[in-house]
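Structure record follows, encoded as structure tokens.
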Amino acid sequence: MAAFTGVCADIVAAQRRAGRFALTAAERELFGRLHEEAAAEPTEANLPLRLLTRPFSPRPIPEYYRYTSLHVHEWFLAGTPDPVAAAAVALHLTLTDLLDVERRALPRLPYLAERVDLLTGLTARVGDLPATPRSRVSELPVDETRAFLLLDCSGFPQSDKHEEHVFLRSVQACELVFFLVRRLALPAGSAFRLRQLGLFADVLNGIFEVLTTLTPERFMSFRAETGDASAVQSMNYHLMELVVHGHDPRRDEIFARFPHLSGLRGEPHVAVQPLRRVVAGLGRPELDELCAAAERALLVWRGRHYGFARKYLPDVKGSGGTDGWAYLKRFVTKNAPPLPDVDLVAFACL
Numbered sequence: 001m002a003a004f005t006g007v008c009a010d011i012v013a014a015q016r017r018a019g020r021f022a023l024t025a026a027e028r029e030l031f032g033r034l035h036e037e038a039a040a041e042p043t044e045a046n047l048p049l050r051l052l053t054r055p056f057s058p059r060p061i062p063e064y065y066r067y068t069s070l071h072v073h074e075w076f077l078a079g080t081p082d083p084v085a086a087a088a089v090a091l092h093l094t095l096t097d098l099l100d101v102e103r104r105a106l107p108r109l110p111y112l113a114e115r116v117d118l119l120t121g122l123t124a125r126v127g128d129l130p131a132t133p134r135s136r137v138s139e140l141p142v143d144e145t146r147a148f149l150l151l152d153c154s155g156f157p158q159s160d161k162h163e164e165h166v167f168l169r170s171v172q173a174c175e176l177v178f179f180l181v182r183r184l185a186l187p188a189g190s191a192f193r194l195r196q197l198g199l200f201a202d203v204l205n206g207i208f209e210v211l212t213t214l215t216p217e218r219f220m221s222f223r224a225e226t227g228d229a230s231a232v233q234s235m236n237y238h239l240m241e242l243v244v245h246g247h248d249p250r251r252d253e254i255f256a257r258f259p260h261l262s263g264l265r266g267e268p269h270v271a272v273q274p275l276r277r278v279v280a281g282l283g284r285p286e287l288d289e290l291c292a293a294a295e296r297a298l299l300v301w302r303g304r305h306y307g308f309a310r311k312y313l314p315d316v317k318g319s320g321g322t323d324g325w326a327y328l329k330r331f332v333t334k335n336a337p338p339l340p341d342v343d344l345v346a347f348a349c350l
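In terms of the working numbering, the sequence shown has 330 at position 330, counting the first letter as 1, and numbering is strictly consecutive.
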């Protein structure tokens, strides 16, 4: 098994001591300086150091990205011959790692039994999904060193609360699904890719089912430490929404608030058409059905997301400066065809 050594081991130990939030100003400054020095002359040898210290860089990085360490996932996917397969592997690895964490904690925290059961099923389900026309996710080769860096450079909660692990890994898993959905949506003429899109999109619902084993009280026990790390800052999420549903001018106020999202207000993004419309123009009914199945999965997830926010943060302003659950409600049924058998309001009671 791979392991960190030297200064990298020290950096890991410091972050795991009591969570990132407890790091001293001197430690943060040191880690930031180490990152800038390594980034100035990047090598394969200093890659672990660069991955571990990127969240402490003095560069203007949105808080959401510092919290989630998504730069590690970006590195894992970059340069791969098949980004979809790589993202599917990363998703499976992320859920497997979370399952291992929860299993180890189960003897001292018996209430985790339901979470472990749900994660066991979800991890197996993801492993059984089609990654390529010839291979399931669990059948794809895994580079153990790259897998180690992916997981061990990104698994740092802000707090010392066990419950934050499921939250952090769930956010990272959702980001990987967002990436998969937007990559699988284009080009729109492949029945296999549209089927993949629907199957992976539905994983979001499995992730949120796991996440709801986190009680509101336990969620609030670490929320303050996450600060301004709001998912509304996620470029990946907004690009997924754009590819699936087309441009929505109601989001422009959010895009204007964050410099890294401001480009989404202009060309070519404002001209993007909803996937449903693009598929309909191909004149192939079987693709329309696959597209509808994918939209349904995303619509149910959107309802779950809204329900989670309403239950867990009923009177709290969103960490990204939004109106919290009220902001999410505006987009629950956005651009979606009527689905009378989906009771979105019911998800507010999850």
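All residues carry an ideal CB built from backbone N, CA and C; glycine is no exception.
Assumed close pair residue i, residue j - CB separation to whole angstroms, cut-off 8 Å
| i | j | result |
| --- | --- | --- |
| F56 | H35 | 6 Å |
| E295 | R276 | 7 Å |
| L129 | L242 | That pair is no contact at about 24 Å. |
| M235 | V181 | No, M235 and V181 are not in contact; Cβ-Cβ is about 14 Å, not under 8 Å. |
| E139 | S221 | The Cβ separation is near 39 Å, so there is no contact. |
| A40 | E27 | Not a contact, Cβ separation roughly 21 Å. |
| Q233 | F255 | Actually they are not in contact, since the Cβ atoms of Q233 and F255 sit about 11 Å apart, beyond 8 Å. |
| F21 | E225 | 4 Å |
| A87 | F179 | 5 Å |
| H238 | R251 | 7 Å |
Cβ-based neighbour list, residue i, same chain, cut-off 8 Å, excluding 5 preceding and 5 following
| i | result |
| --- | --- |
| A90 | H73, F76, L77, L150, L176 |
| T68 | S154, L168, V171, Q172, E175, A229 |
| L106 | L112, A113, V116 |
| A38 | N46, L49, R50, T53 |
| V7 | L34, L49 |
| L282 | A188, G189 |
| P274 | V244, H245, G246, N335 |
| R136 | G127, D128, L129, P130 |
| L99 | V116, L119, T120, T123 |
| R16 | F156 |
| V142 | V89, L93 |
| R59 | none |
| P133 | F192 |
| R265 | D252, F255, A256 |
| V342 | Annotation note: pLDDT 36 at V342 (below 50); position unreliable, coordinate value reported separately. Excluding residues within five positions, the ones whose Cβ falls inside 8 Å are R296, L299, V300, G303. |
Nonlocal neighbours in the same chain, by C-beta distance under 6 Å from residue i, ignoring five residues either side
| i | result |
| --- | --- |
| T53 | F31, L34, H35 |
| D82 | none |
| A2 | T145, F148 |
| P338 | At P338, the pLDDT of 41 sits below 50, so the modelled position is not reliable; the number obtained from the coordinates is stated separately. If we look at P338 and ignore the five residues flanking it on each side, it has no Cβ neighbours. |
| A293 | G198 |
DSSP bridge partner residues for residue i (one or two, in chain order)
| i | result |
| --- | --- |
| R195 | Bridge partners of R195: none, in fact. |
| R125 | The partner list for R125 (beta bridge, DSSP) is empty, contrary to what the question assumes. |
| R136 | P130 |
Delimiting residues of the alpha helix (DSSP H) encompassing residue i
| i | result |
| --- | --- |
| A88 | 83 to 105 |
| R66 | 63 to 68 |
| L180 | 164 to 184 |
| N236 | 235 to 245 |
| Y111 | It is not in any alpha helix (DSSP H) - Y111 carries neither H nor E in the DSSP assignment. |
| A278 | What sits at residue 278 in the sequence shown is Val, not Ala. Here the alpha helix (DSSP H) through V278 covers 275 to 280. |
| E27 | 25 to 40 |
| K311 | 285 to 312 |
| G6 | 6 to 18 |
| A224 | 216 to 226 |
| E253 | 252 to 257 |
| R50 | 47 to 53 |
| D152 | 144 to 152 |
Beta-carbon proximity list for residue i, same chain, < 7 Å, skipping 5 on both sides
| i | result |
| --- | --- |
| V279 | A188, L287, D288, C291 |
| R183 | P83, V84 |
| D202 | A297 |
| R125 | G206 |
| L214 | E163, V166, F167 |
Residue i CB to nearest heavy atom of the ligand NAP below 7 Å
| i | result |
| --- | --- |
| L119 | As for the ligand NAP, it is missing from this structure, which has no ligand bound. |
### Message
Assess contact between the region 199 to 206 and the region 156 to 172, defined as three or more Cβ pairs (one per stretch) separated by less than 8 Å. Is contact present?
### Response
no
### Query
Is the region 246 to 253 in contact with the region 269 to 280, if contact means three or more CB pairs nearer than 8 Å?
yes
### Message
Any contact between the region 286 to 296 and the region 194 to 201? By contact I mean 3 or more CB pairs, one from each, below 8 Å.
### Response
yes
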